[in-house]
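Worksheet for the structure shown next.
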């Protein structure tokens, strides 16, 4: 899938919802589905600087692909991370 196709998929998903509260709920749901970073990996070197919320990001490389796990102490931020990953 190309970046443009993925972008259109995300736009289409958000267009399903008419109400902004439904869109927020969708973002929160994305955060719930996020692969969670293990507690022992919530270290200072994995923190995203400049965010008001605590955000940790971990990555690994296997089978020629990058894999990401993340967590946040804020549900909307966590959902946005889920959207990005």
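Numbering (the working numbering), first residue to last: 13 to 97.
Quick reminder that beta carbons are idealized off the backbone N, C-alpha and C, glycines included.
Given the structure is predicted, the values throughout are model-derived calculations rather than measurements.
Around the Cβ of residue i, are there at least 16 other Cβ atoms within 10 angstroms (buried) or fewer (exposed)?
| i | result |
| --- | --- |
| residue 43 | buried |
| residue 71 | exposed |
| residue 89 | buried |
Where does residue i fall in DSSP's three states?
| i | result |
| --- | --- |
| residue 48 | strand |
| residue 28 | coil |
| residue 2 | The question about residue 2 has no answer, for the chain in this structure spans 13 to 97. |
Just the C-alpha distance for residue i and residue j, rounded to the nearest angstrom, thanks.
| i | j | result |
| --- | --- | --- |
| residue 22 | residue 76 | 25 Å |
| residue 97 | residue 80 | 7 Å |
| residue 24 | residue 13 | 15 Å |
Quick check on this structure: which residue in the options has the alpha carbon closest to the alpha carbon of residue i?
| i | options | result |
| --- | --- | --- |
| residue 92 | 17, 26 and 13 | 26 |
| residue 82 | 73, 62 and 58 | 58 |
| residue 68 | 33, 87, 54 and 20 | 54 |
Sorted by chain position, which residues of the same chain lie with C-beta nearer than 7 Å to residue i's C-beta, five sequence neighbours on each side aside?
| i | result |
| --- | --- |
| residue 29 | 35 and 38 |
| residue 85 | 65 and 66 |
| residue 45 | 94 |
| residue 102 | There is no way to answer for residue 102, as the model of the chain reaches only from 13 to 97. |
| residue 16 | none |
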